Amino acid sequence: MKEFSLKILLFIIVTLSIFIVIISLLSYKNLIGLLGAWNQSSKMNIYLKIDSTAEDQSTLIALIKKNPQVLSVNFFNRKEVGVVFQNSLKEFSSGMMTEDEMMDLIPETIEVDLLNSLNLTERNLVFTDLANTLRAAPQVDEVSFSANWFKKFELIDKILRSAGMFIFLIIFISISYLIALMLRAHIEELKQEIEVYSLLGATRWSMYHFFLKDVFIFLTSSLLIAFAAVFWAFIYLKYQLSTSILSATISDSLRFLTFAESATIIFMLFIFIFTNSFLTVRSALFRHDQLSYD
Amino acid sequence: MIEFKHVYKTYAADRHSLRNVSFNIKKGEFVFLIGPSGAGKTSIFKLISAFDRASSGEISVLGHDLNKIRSGQIPFLRRKIGFVLQSYKLLKNKTVFENIELPLVVLEVSKDVRYKKTQAMIAQVGLSAVQDQYPDFLSGGEQQRVAIARALIHDPEIVIADEPTGNLDPELSQSILSLFFNFSKTGATFVVATHDYRLINKAGCRILKVEKGELTEDRIV
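If you read the protein sequences in the order shown, they are chains A and B. Just so we're aligned, residue 16 is where the first sequence starts under the numbering used here, counting upward by one. Just so we're aligned, residue 15 is where the second sequence starts under the numbering used here, counting upward by one.
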């Protein structure tokens, strides 16, 4: 009964530990995602000359889309923008300026956004390259992006991303090591069983099977439960954030781990802990097999 | 079946556990290995079961030359031997039933056969009432019987019993020896180490006496 309680306790601790590792990876991923969203306010605007044709616009858009770092390209028609602008001014619009005057003020614009995974330095480089290419095009009047703004936040952005990765790695290594140590202690507790099995003629491979089967079941169940718990917590948090207007944007930006990310973390945890357990069983077998008669 | 030829076991330059021990035990023999504590009885058992290797001399057990046996073959040799040790070596987290069926688990015997054989063995050693108990809740005599049942359940060719009655009263000791004698009729070879000479009263038994690592007596009662 005592041993059963200890196994349950060990199971809970291992599951919680894996939960913390997955949560930290998820937090890191979403921190990067949110930083990406914050960067979204810095887009590139390409103002076209007044006489640019629809064909010119399509050529330019095709040229921009060739860049694999580009997430989206939006074209703003001056007439549609003008209508929106006029509507926002409501009854005051007619007294301020004529429609034609307004159209002259608003150029045709292409807005470019980059992938969220890019950090500020990378965004700055991509935008600079794009700007150099586009400025040479005859139909482009002006290209603008927040170069100075980028430079200001570049260092903070780098620190936040590096710190996030560093904290995740520290958590991953220390928790994996902690789990491996707990399982090691559990296997060491099985010293007497190893002796008896050896006495009864169990082969080395059958003993690996006896002792690692437990670790395999233990670890697989813990991983499944921890993943399910993290997923539930994620959905709950996302829902809670979505109910408030202030945090709805954050809720939209939150993403769960992709299949590749989940598979990678499971593989890493599994390999790290299982290898450690295998080596523990191996050394325990080597030590106890020789002396188990007494 | 078990043959020792001029066997020496030395742990340090000046510490000899066995000196020039030679004997031959045939199939179905019932042998008492006697001698005071520290005489070398356990060393002989360790050598027979390949838990240790001789410093010199030749040992052959069930056709295996133990000087040349590969580590991968040792488990298969041990499967043919039943062990009853002084310290019982019962698993505390397993019930009486589970402890007794362990050799069959190791031999990968099917569950149904395991159940039937274990139940029969439990009845034979008189442990039916406590088969679901854990070893810590059993008396010394009951634990000893569990160890004996575990040693016999897989029909071993050799049974090694190291002081099997060491912790038991005379009456229980006799009943356990009777159990051994009954089982030996199946053809198994028994080697029983004891320093309780009163137990050796069965006609036809062979006695090997070890003193200070040397075989000093080999006779039949």
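Glycine included, every Cβ here is placed at the ideal spot set by N, Cα and C. Bear in mind the structure is a predicted one, so any value in this text is a computation, not a measurement.
By the Cβ-count criterion, ALA143 (chain B) is exposed, with fewer than 16 other Cβ atoms from all chains shown falling within 10 Å of its own Cβ. Residue A:ARG150 holds the alpha-carbon nearest to the alpha-carbon of LEU75 (chain A) among A:LEU25, A:LYS22, A:SER191 and A:ARG150. Assignment of beta-bridge partners to ILE16 (chain B) by DSSP yields B:ILE39 and B:VAL75.
When Cβ pairs closer than 8 Å are counted between the two stretches, the region 217-227 of chain A is seen not to touch the region 258-267 of chain A, the count staying below three. Your pair GLN154 (chain A) and LEU63 (chain A) checks out as a contact, with CB atoms roughly 6 Å apart and the cut at 8 Å. Boundaries of the alpha helix (DSSP H) around LYS60 (chain B): 55-62. Exposed is the label assigned to LYS130 (chain B), since fewer than 16 other Cβ atoms lie within 10 Å of its Cβ. Counting along the chain, GLU228 (chain B) sits inside the beta strand (DSSP E) bounded by residues 228-234. For the options A:ILE232, A:ALA241 and A:VAL96, the alpha carbon positioned closest to that of LEU198 (chain A) is the one of A:ILE232. Scanning the region 79-133 of chain B for uninterrupted alpha helix (DSSP H) segments of 4 residues or longer gives 88-92 and 110-120, listed from N- to C-terminal end. With three or more CB-CB distances shorter than 8 Å, the region 218-230 of chain B counts as touching the region 41-58 of chain B.
With respect to chain A, the C-beta atom of VAL120 (chain B) has a partner C-beta closer than 8 Å. Neighbours of GLU208 (chain A) in chain B, taken as residues whose beta carbon is under 7 Å from its own, are LEU105 in chain order. Of A:LYS173, A:TYR192, A:THR136 and A:PHE246, the smallest CA-CA separation from LEU40 (chain A) is found for A:PHE246.
Within the region 37-98 of chain A, the alpha helix (DSSP H) runs of at least 4 residues that lie entirely inside it are, in chain order, 69-80.
For SER20 (chain A), the nearest beta carbon of chain B is not closer than 8 Å to its own beta carbon.
Not flagged as an interface residue toward chain B: ALA263 (chain A), since no C-beta distance is shorter than 8 Å.
Runs of the alpha helix (DSSP H) spanning 4 or more residues and lying entirely within the region 177-220 of chain A occur at 206-214, in chain order. Chain B places no beta carbon closer than 8 Å to that of LEU130 (chain A), leaving this residue out of the contacts. Contact with chain A is absent for PRO178 (chain B), since none of that chain's Cβ atoms lies less than 8 Å from the residue's Cβ. Looking at the DSSP output, GLU126 (chain A) bridges to A:ASN60 and A:ASN89. With fewer than 16 neighbouring CB atoms inside 10 Å of its own CB, THR235 (chain A) falls in the exposed class. For the region 81-103 of chain B, the set of residues with a beta-carbon nearer than 7 Å to any beta-carbon of chain A comprises PRO89, PHE90, ARG92, ARG93, PHE97 and LYS103, in chain order.
DSSP places ILE162 (chain B) inside the alpha helix (DSSP H), whose first and last residues are 154-166.
The beta carbon of ILE136 (chain B) is closer than 8 Å to those of VAL110, PHE111, ILE114, SER142, GLN145 and ALA163 in its chain, skipping five residues each way along the sequence. Around the C-beta of ASN196 (chain B), fewer than 16 other C-beta atoms lie within 10 Å, and the residue is accordingly described as exposed. Pairing ILE288 (chain A) with VAL96 (chain A), the inter-Cα distance amounts to about 59 Å. For SER298 (chain A), none of the residues of chain B pass the 8 Å Cβ criterion, the least Cβ distance being about 16 Å. For VAL29 (chain A), no chain B residue has a C-beta closer than 7 Å to its own C-beta; the minimum C-beta separation is roughly 20 Å. Taking a contact as a CB-CB distance under 8 Å, the pair LEU182 (chain B) and GLN158 (chain B) counts as one, their CB atoms being some 6 Å apart. A straight-line Cα-Cα distance of about 31 Å links SER20 (chain A) and ALA165 (chain B). Each of A:ILE190, A:TYR254 and A:ILE47 was checked against the Cα of LEU272 (chain A), and the nearest Cα belongs to A:ILE47. Residue environment for TYR211 (chain B): exposed (fewer than 16 other C-beta atoms within 10 angstroms of its C-beta). With a cut-off of 8 Å on Cβ pairs, the region 78-93 of chain A is in contact with the region 121-130 of chain A, counting three or more such pairs.
Non-local C-beta neighbours of PRO170 (chain B) in its own chain, meaning closer than 7 Å and more than five positions away in sequence, comprise LYS94, ILE95, GLY96 and ALA202, ordered along the chain.
Taken atom to atom, the span from the alpha-carbon of ALA244 (chain A) to that of TYR192 (chain A) is near 22 Å.
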